[in-house]
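Here the structure is laid out as structure tokens; the discussion comes afterwards.
Number of protein chains: 2
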Amino acid sequence: METGQIRLNKVTGEWVIYAPSRRKRPQDFQQSNQALSSDNHSQKNCPFCLQIYKESEKILLEIKDYQQDLWQTKVVANKFPALNFHENPQRNLEGIYMSLSGYGHHEVVIESPDHYQTIATLSIPEIEAIIETYHQRYLKLMKDKEIMMVIIFRNHGKGAGASLRHPHSQIIASNIVPSHRRIQEAEAQRYFDHWGRCVYCDILEFELNEKIRVILENNLFVSFVPYAAEFPCEIWIMPKEHQADFGSITAEEKTAFATILKDSLSRLYYKLNNPDYNYVINTAARYKAEEPQLHWYCQIRPRLTTPAGFELGSGISINPSIPEVDAAFLRE
Amino acid sequence: METGQIRLNKVTGEWVIYAPSRRKRPQDFQQSNQALSSDNHSQKNCPFCLQIYKESEKILLEIKDYQQDLWQTKVVANKFPALNFHENPQRNLEGIYMSLSGYGHHEVVIESPDHYQTIATLSIPEIEAIIETYHQRYLKLMKDKEIMMVIIFRNHGKGAGASLRHPHSQIIASNIVPSHRRIQEAEAQRYFDHWGRCVYCDILEFELNEKIRVILENNLFVSFVPYAAEFPCEIWIMPKEHQADFGSITAEEKTAFATILKDSLSRLYYKLNNPDYNYVINTAARYKAEEPQLHWYCQIRPRLTTPAGFELGSGISINPSIPEVDAAFLRE
Chain F
2 METGQIRLNK VTGEWVIYAP SRRKRPQDFQ QSNQALSSDN HSQKNCPFCL QIYKESEKIL
62 LEIKDYQQDL WQTKVVANKF PALNFHENPQ RNLEGIYMSL SGYGHHEVVI ESPDHYQTIA
122 TLSIPEIEAI IETYHQRYLK LMKDKEIMMV IIFRNHGKGA GASLRHPHSQ IIASNIVPSH
182 RRIQEAEAQR YFDHWGRCVY CDILEFELNE KIRVILENNL FVSFVPYAAE FPCEIWIMPK
242 EHQADFGSIT AEEKTAFATI LKDSLSRLYY KLNNPDYNYV INTAARYKAE EPQLHWYCQI
302 RPRLTTPAGF ELGSGISINP SIPEVDAAFL RE
Chain W
2 METGQIRLNK VTGEWVIYAP SRRKRPQDFQ QSNQALSSDN HSQKNCPFCL QIYKESEKIL
62 LEIKDYQQDL WQTKVVANKF PALNFHENPQ RNLEGIYMSL SGYGHHEVVI ESPDHYQTIA
122 TLSIPEIEAI IETYHQRYLK LMKDKEIMMV IIFRNHGKGA GASLRHPHSQ IIASNIVPSH
182 RRIQEAEAQR YFDHWGRCVY CDILEFELNE KIRVILENNL FVSFVPYAAE FPCEIWIMPK
242 EHQADFGSIT AEEKTAFATI LKDSLSRLYY KLNNPDYNYV INTAARYKAE EPQLHWYCQI
302 RPRLTTPAGF ELGSGISINP SIPEVDAAFL RE
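Residue numbers (the numbering used here), protein chains in the order written: chain F, 2 to 333; chain W, 2 to 333.
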């Protein structure tokens with residue numbers, strides 16, 4: 002079995018994963034080959050509809066709907082993992098460079114037995130089961146002491162990188178913390194050291210007063226378009242109470258989060274005709290769960306524009322849509 | 002005239018540009034509308050083939066081919082600028098947030114009169130004229146004392162964000178330096194303070210010894226796949242002599258750069274069947290041109306994969322291709 006590798010970019014401090022199970026030859030990327038590739042979106046070929054029932058040994062978690070005697074969600078190991086827990090977690094020097102073995106976990110959360118649903122169309126109890134699944138796997142994965150960070154994310158639609166239509170999310174647990182995350186920690190730390198407060202809590206308070214970027218709220222969560230949204234109709238969903246770590250979510254908060262997540266995604270679904278999107282749950286890395294300046298949130302990025310050379314080269318986004326206009330559109 | 006704005010993301014320290022000339026309403030992004038939108042790739046509708054001759058007052062630079070009495074390259078103001086030099090360059094507080102007016106320059110370099118060419122198919126003297134054009138505009142734009150940074154980039158193909166087929170590059174000059182760039186400066190500074198050397202010079206020396214990631218070289222430039230490439234067949238072209246600032250490029254280096262740029266892009270063009278790609282010239286911001294730890298380079302990113310939720314959320318790339326394999330493929 003080929004081993005995976007994570008390499009450090011010496012000039013940016015960023016990591017890149019090279020996964021053996023996803024490996025392609027350069028010629029596989031020829032434009033004509035690309036066009037021929039996968040239509041894995043039909044139910045006929047769907048591995049989550051077909052195979053999963055036969056390979057029960059691979060099921061890491063299953064949440065049942067006791068009333069209907071059916072499963073609601075299942076978690077399985079990703080068939081083409083980016084990281085693998087069979088690797089020996091070890092850092093290596095390669096001349097002037099540093100690499101790690103590709104240690105980690107990569108799991109798939111199958112969100113429903115129904116191939117044709119998505120979060121916008123599922124019921125709130127069904128979405129609660131998904132959040133419950135995230136939470137149980139999050140706590141389980143953080144028990145692996147090698148793991149520094151758990152990233153829960155969802156790709157919806159081909160333009161957002163989804164290779165299967167069947168509703169699913171993914172969880173990647175790794176033994177590195179990206180500089181991307183450390184930079185946000187440092188920004189929040191500086192703000193806390195200056196103002197003595199959590200920058201995210203201050204943003205929430207400001208947005209709830211201003212109201213112009215708020216889409217909706219319930220007793221425990223707020224859904225809003227951030228002031229400096231990078232993408233048209235970008236949405237952040239944030240717990241109102243200070244909470245650095247997604248692992249600390251309470252039962253009551255799970256229900257409130259499921260409710261606001263469904264409502265936010267339904268607005269995208271119906272108002273923008275089911276756009277492609279990604280969401281990620283940004284949460285504290287290991288050892289940061291109790292920090293007073295960090296705050297978890299779910300970031301939803303509709304994939305309505307194509308970042309080009311300027312964005313890739315500068316790290317500056319160009320957003321053709323105005324956050325206040327997006328919020329009004331999504332609110333009404 | 003609506004004014005543009007640049008907003009600071011308070012939790013990441015990154016800037017986002019809101020350009021009035023590019024503004025859309027949220028409903029314009031509905032999937033069905035997207036599918037109907039522009040085919041601006043045909044010659045019949047090409048503004049660079051048609052209109053440009055009538056609006057000579059907008060031409061900022063023109064390089065002539067004296068032998069053939071034709072123009073080789075032209076520079077015009079972007080019709081839909083991301084930034085605008087009519088804005089008053091000014092910072093504002095909006096409650097807890099910071100914004101800037103959208104001050105800056107946004108220019109288009111029309112690289113050839115021929116609609117159907119691209120850099121891979123142009124002659125070396127024609128590409129030299131493009132590099133000469135970049136250089137002249139770079140020096141000119143840096144004379145505007147408000148400008149902190151000039152970004153020269155090229156989008157090739159729809160998947161790389163190009164809206165027109167006619168061969169062209171773009172130049173954006175802004176009065177902000179993105180945190181993206183400051184982070185690279187800090188990494189290079191730390192390396193210099195530890196080792197007393199430029200990290201980019203050390204990478205070049207190491208790569209020229211190792212050879213496994215080098216695609217080709219000439220007397221003044223090296224073209225290689227970086228050790229931690231984020232994209233399949235990513236290519237960096239770097240001057241062999243230490244040079245922080247693209248503005249310092251010599252006449253001899255322009256020829257050598259044109260030659261290696263054509264050869265590198267031709268390899269992508271012929272071996273991968275004309276893939277979409279972006280390139281950007283990463284060069285020093287104002288006041289950094291003489292720094293011993295910075296080094297300009299041209300970064301070519303083929304757009305063969307779709308970054309998904311994990312990449313957007315973590316800042317960690319997943320590259321299905323191995324840099325050494327890519328380099329061998331492009332070398333042969």
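Quick reminder that beta carbons are idealized off the backbone N, C-alpha and C, glycines included.
A quick note: this is a predicted structure, and the numbers were derived from the prediction, not measured.
* With distances taken Cα to Cα, identify the nearest neighbour of Gly-316 of chain F among W:Val-178, W:Gly-96 and W:Cys-50. => W:Val-178
* Asked: Can you tell me where the beta strand (DSSP E) with Pro-240 of chain F in it begins and where it stops?
  -> 236-240
* **Sufficient close CB pairs (3 or more, under 8 Å) joining the segment 291-311 of chain F to the segment 241-249 of chain F** => yes
* To do: Please classify Thr-306 of chain W: is it buried, with 16 or more other beta-carbons within 10 angstroms of its beta-carbon, or exposed?
  => buried
* Give me the Cβ distance between Glu-231 of chain W and Ile-301 of chain W, rounded to the nearest whole Å; I'm assuming they're in contact under 8 Å. => That pair is no contact at about 12 Å.
* Quick one: what does DSSP say Thr-74 of chain W is sitting in, helix, strand or coil? -> For Thr-74 of chain W, the secondary structure class from DSSP, reduced to helix, strand or coil, is strand.
* Asked: Which two residues bound the contiguous beta strand (DSSP E) that contains Met-330 of chain W?
  -> Position check: residue 330 of chain W holds Phe in this sequence, whereas Met was assumed. It is not in any beta strand (DSSP E) - Phe-330 of chain W instead sits in the alpha helix (DSSP H) that spans 324-332.
* Please state whether DSSP places Trp-297 of chain W in a helix, a strand or coil. => coil
* **Cβ pair Pro-1 of chain F, Val-223 of chain F closer than 8 Å** => Since the first residue of chain F shown is 2 and the last is 333, residue 1 of chain F is not available in this structure.
* To do: Could you tell me the distance, in whole angstroms, from the CA atom of Val-17 of chain F to the CA atom of Ser-180 of chain F?
  => 12 Å
* Asked: Taking the C-alpha atoms as reference points, what is the distance between Ala-130 of chain F and Val-110 of chain F?
  -> 11 Å
* **Met-99 of chain W beta carbon less than 8 Å from that of Leu-9 of chain W** => Yes. Within cutoff.
* Determine the DSSP secondary structure at Ser-43 of chain F, reduced to helix, strand or coil. => coil
* Residue-level contact to chain F via CB, Tyr-98 of chain W, 8 Å cutoff -> yes
* Give the DSSP bridge partners of Arg-302 of chain W, in chain order. => W:Asn-279
* Of the residues W:Leu-62, W:Arg-138, W:Thr-4 and W:Ser-164, which one's Cα is nearest the Cα of Glu-88 of chain W? -> Comparing Cα-Cα distances from Glu-88 of chain W to each of W:Leu-62, W:Arg-138, W:Thr-4 and W:Ser-164, the minimum goes to W:Thr-4.
* To do: Could you work out which residues of chain W lie near Val-281 of chain F, taking near to mean beta carbons separated by less than 7 Å?
  => Gly-310, Leu-313 and Gly-314
* Asked: Can you tell me the Cα-Cα spacing of Val-77 of chain W and Lys-59 of chain W, whole angstroms?
  -> In a straight line, the C-alpha of Val-77 of chain W is about 6 Å away from that of Lys-59 of chain W.
* Does the beta carbon of Gln-69 of chain W sit closer than 8 Å to a beta carbon anywhere in chain F? -> no
* Asked: How about Glu-15 of chain F: is its C-beta nearer than 8 Å to some C-beta of chain W?
  -> yes
* Return the CA-CA distance between Gly-160 of chain W and Lys-263 of chain W, expressed in angstroms with no decimal places. => 21 Å
* Could you spell out where the beta strand (DSSP E) holding Tyr-19 of chain W opens and where it closes? => 16-19
* Asked: Taking Cβ positions only, does Asp-327 of chain F come closer than 8 Å to chain W?
  -> yes
* **Any C-beta of chain F under 8 Å from that of Thr-110 of chain W** => Checking the sequence shown, residue 110 of chain W turns out to be Val, not Thr. So, not an interface residue.
* Asked: When DSSP labels each residue in this structure, what does Arg-287 of chain W get in the three-state scheme?
  -> coil
* To do: Out of W:Gln-6, W:Gly-14 and W:Met-149, point me to the one whose CA is closest to Gln-190 of chain F's CA.
  => W:Gly-14
* **is_contact[His-5 of chain W, chain F] using C-beta, thresh 8 Å** => For the sequence presented, residue 5 of chain W should be read as Gly rather than His. With 8 Å as the cut-off, Gly-5 of chain W does not count as an interface residue toward chain F.
* Other residues of its chain near Tyr-19 of chain F: CB distance less than 8 Å, five sequence neighbours each side excluded -> Gly-5, Gln-6, Ile-7, Arg-8 and Gly-103
* Cβ distance (whole Å) where Met-149 of chain F is taken to contact Ala-328 of chain F below 8 Å -> Not quite, the Cβ-Cβ distance comes to about 35 Å (not below 8 Å), so this is no contact.
* In this structure, what does DSSP give as the bridge partners for Met-149 of chain W? -> The partner list for Met-149 of chain W (beta bridge, DSSP) is empty, contrary to what the question assumes.
* To do: Please confirm if Gln-300 of chain W has its CB atom under 8 Å from at least one CB of chain F.
  => yes
* **chain F contact for Ile-152 of chain W (CB, 8 Å cutoff)** => yes
* To do: Can you give me the Cβ contacts of Asn-219 of chain W inside the same chain, cut-off strictly under 7 Å, excluding the 5 residues immediately before and after it?
  => Ala-257, Thr-260 and Ile-261
* To do: With 8 Å as the threshold, decide whether the Cβ of Asn-320 of chain F is near any Cβ in chain W.
  => yes
* To do: Step through the CB atoms of chain W and report whether any lies within less than 8 Å of the CB of Arg-214 of chain F.
  => no
* **Any 3 or more C-beta pairs closer than 8 Å across the segment 207-217 of chain F and the segment 43-51 of chain F** => no
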